[in-house]
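To start, the structure itself, in structure tokens.
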Amino acid sequence: MADVEQAEQGEKPLTTADLLKSHTVKVIESHMASNYEESAVGIALEAAHKFKQYKDIASHVKHQFDKKYPGSGKASEGVFHCICGKSFASKWISVVSLQIFIGYTTNVLFANCSRN
Numbered sequence: 195m196a197d198v199e200q201a202e203q204g205e206k207p208l209t210t211a212d213l214l215k216s217h218t219v220k221v222i223e224s225h226m227a228s229n230y231e232e233s234a235v236g237i238a239l240e241a242a243h244k245f246k247q248y249k250d251i252a253s254h255v256k257h258q259f260d261k262k263y264p265g266s267g268k269a270s271e272g273v274f275h276c277i278c279g280k281s282f283a284s285k286w287i288s289v290v291s292l293q294i295f296i297g298y299t300t301n302v303l304f305a306n307c308s309r310n
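Quick note: to get the numbering used here, add 194 to the position in the sequence shown (first position is 1).
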């Protein structure tokens, strides 16, 4: 999405590699397939670059992931959820989950039920 806005303004689109140069990323725990994990890191980096408020970062990551990996409509598949912030504790049980630090911000992405 940031790529589109920059392309419209005539600027070179930022890639995940460009964003990694200006943000520290550390995957803390992952129970996702590698393609999901790579997508989550790229989308979270894009959101951290584009937005400043945690609610906006979390909303962007959640909606982009739901759009990229839609369910089949079964209630058992659930949807993705994202939590973003600096100071919170969490513990959840899910089949698909990822926790990453971007700079000093923690991002947690998870789905309640089996997806992958």
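Positions of the beta carbon are idealized from the N, C-alpha and C atoms, including for glycine.
| said: Am I right that CYS278 and TYR298 are in contact with their C-beta atoms under 8 Å? What's the rounded C-beta distance? | reply: No, CYS278 and TYR298 are not in contact; Cβ-Cβ is about 12 Å, not under 8 Å.
Select from PHE259, PHE295, ALA211, HIS243 the residue whose C-alpha is nearest the C-alpha of PHE282. The candidate whose alpha carbon is nearest that of PHE282 is PHE295.
Checklist entry - Measuring CA to CA, which of TYR263, ALA305, LYS246, LYS256 is closest to LYS280? => result Here the closest residue by C-alpha is LYS246.
Q | DSSP-derived helix/strand/coil call for ALA305 | A | Judged by DSSP in its simplified three-state form, ALA305 adopts strand.
* Asked: Under a three-way DSSP split, which group does GLN293 fall into?
  -> In the structure shown, GLN293 adopts extended strand secondary structure according to DSSP, grouped into three states.
message = In this structure, how does DSSP classify VAL273 when only helix, strand and coil are distinguished?
response = It is coil, neither helix nor strand.
Q: Determine the extent of the alpha helix (DSSP H) in which SER253 is found, giving its start and end residues.
A: DSSP places SER253 in the uninterrupted alpha helix (DSSP H) bounded by 248 to 262.
_Please list the terminal residues of the continuous alpha helix (DSSP H) segment that includes LYS244._
Element bounds for LYS244: 228 to 244.
Starting from SER224 and walking both ways along the beta strand (DSSP E), at which residues does that stretch end? For SER224, the uninterrupted beta strand (DSSP E) run begins and ends at 219 to 224, by DSSP.
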